[in-house]
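Inspection log for the structure reproduced underneath, given as structure tokens.
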Amino acid sequence: MQYTVDSEQLDPLWDLMIVRFWQMGVSFLIYGIYLNLFLLTIHTLSRQRTLGRKPLIIASCVMAVLGTTQIAMNIAETVLAARFVHQVLDAQVSAQIRALTTLSVLSEAQGVVSGINYFVADALFSYRCYVIWGSQRKILILPGFLMLSTFVISVLGSLVLTIDIRIPLCLAAATNLVLTFSTAGRIWWMRRAASHVGLGKALSGRYNTAMAIILESGAIYCIAAIFFAVSASQNEEIYVIGSGIGQQLINIIPTFTLLYVGLNNRIEDAPAEGSCKTSSNSHISPSRTVRVVQPSRPSSVGLDFEKEETKRTDVDCV
1 MQYTVDSEQL
11 DPLWDLMIVR
21 FWQMGVSFLI
31 YGIYLNLFLL
41 TIHTLSRQRT
51 LGRKPLIIAS
61 CVMAVLGTTQ
71 IAMNIAETVL
81 AARFVHQVLD
91 AQVSAQIRAL
101 TTLSVLSEAQ
111 GVVSGINYFV
121 ADALFSYRCY
131 VIWGSQRKIL
141 ILPGFLMLST
151 FVISVLGSLV
161 LTIDIRIPLC
171 LAAATNLVLT
181 FSTAGRIWWM
191 RRAASHVGLG
201 KALSGRYNTA
211 MAIILESGAI
221 YCIAAIFFAV
231 SASQNEEIYV
241 IGSGIGQQLI
251 NIIPTFTLLY
261 VGLNNRIEDA
271 PAEGSCKTSS
281 NSHISPSRTV
291 RVVQPSRPSS
301 VGLDFEKEET
311 KRTDVDCV
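First residue of the sequence shown: 1, per full-length UniProt numbering; consecutive thereafter.
So, in structure tokens, the structure goes:
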């Protein structure tokens, strides 16, 4: 027996299947890049004998599990979309209903996992900001509120409520902006204080590198979130394909930062050079003595998340 299917019914279903295949393809490509970064990061961090590396390894593993879960869901959704088109062609009504129900459940689960993934990535950035600010809890009030808002709205929007997808995306971008400028601003202030007492170009260069990486990663994060928010209201196909990139990009950005930390810590720290002599017991004129907080491991300033002790030194400027 032959069945005829209205082209007006088949065309959007066929387009949906093609878009799903494109999403799965780009997801696999970006996931392959992320997986290599993740393995290199774990290898590098596991060889360190520094304090604070275990939380970083745990955070990396959690993001890897979430990223792998999302790629598995993408595969399942693509297979179900293809089967659904086949069932429409064969007029298998009961099978179509089951496929639609399963697709709906997978879509809800995808939203929940994405919300958790955003939360874990932002928590890692918050921890970095918290350490750089000298463990001051008040600095986390605003980003913490934005993080929780993003997570709750993402989960509720996926499960029970019809919420505009642009709202959690904009909240995620706002969270990252606050954390990025808070962290980079603090490092800029530390560099400014260091330059005033002449601690040398080497230390200043490390501060500049830290700020550059933080600002670049924050810019990529925010641009991606804004792009997805705009495409969600303009072109659904572009948004679906782009979401395949965003699912893994949210893991690549913090993983790259962790990799930088691990590689940077492998380089033996050298004492900072400068035009000033430091001494804790020397006789110094009160008018020429400055108190400055200097990181004990300046080689990874701003990017090393370890809770390292800081030391105060008297700086005698020549």
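We treat Cβ as the ideally placed atom computed from N, Cα and C, and that holds for glycine.
- Counting along the chain, the unbroken alpha helix (DSSP H) around I167 starts and ends at R166 to H196.
- DSSP places S158 inside the alpha helix (DSSP H), whose first and last residues are I141 to L159.
- The alpha-carbon separation between I252 and N117 amounts to approximately 12 angstroms.
- Here DSSP, grouped into helix, strand and coil, assigns R53 to helix.
- Linking L215 to I223 through their CA atoms gives a straight-line distance of about 12 angstroms.
- A residue is called buried once 16 or more other Cβ atoms fall within 10 Å of its Cβ, and E77 is buried on that count.
- Between L35 and the set N208, T68, I75 and V105, the nearest pair of CA atoms involves T68.
- Contact annotation: S149 and L140 have beta-carbon atoms that are not nearer than 7 angstroms.
- Taking the CA atoms as reference points, L156 sits about 30 angstroms from G32.
- DSSP places W22 in the helix class (H, G or I) of the three-state scheme.
- Between G115 and F151 the beta-carbon gap is near 5 angstroms, inside 8 angstroms, which marks them as a contact.
- Annotated as proximal: I241 and W22, with beta-carbon spacing under 7 angstroms.
- Non-local beta-carbon contacts of I165 in its own chain, meaning distances under 6 angstroms to residues more than five positions away in sequence, involve A232 in chain order.
- Ranked by how close their Cα comes to the Cα of L39, the residues I75, V65 and R49 have V65 in first place.
- Ranked by how close their Cα comes to the Cα of F228, the residues C170, A174 and M24 have C170 in first place.
- Rounded to the nearest whole angstrom, the C-alpha separation of I58 and L249 is 19 angstroms.
- For M73, the CB contacts under 6 angstroms within the same chain, skipping 5 residues up- and downstream, are L106 and Q110 in chain order.
- Under the criterion of beta carbons closer than 8 angstroms, R128 and T183 qualify as touching, at roughly 6 angstroms.
- Here DSSP, grouped into helix, strand and coil, assigns G134 to coil.
- The three-state reading of DSSP puts N235 in coil, since its state is none of H, G, I, E or B.
- Scanning A212, A173 and A172 for the CA closest to the CA of R191 turns up A212.
- Counting only residues of its own chain and dropping the five nearest sequence neighbours on each side, V113 has a CB closer than 8 angstroms to the CB of L66, T69, Q70 and M73.
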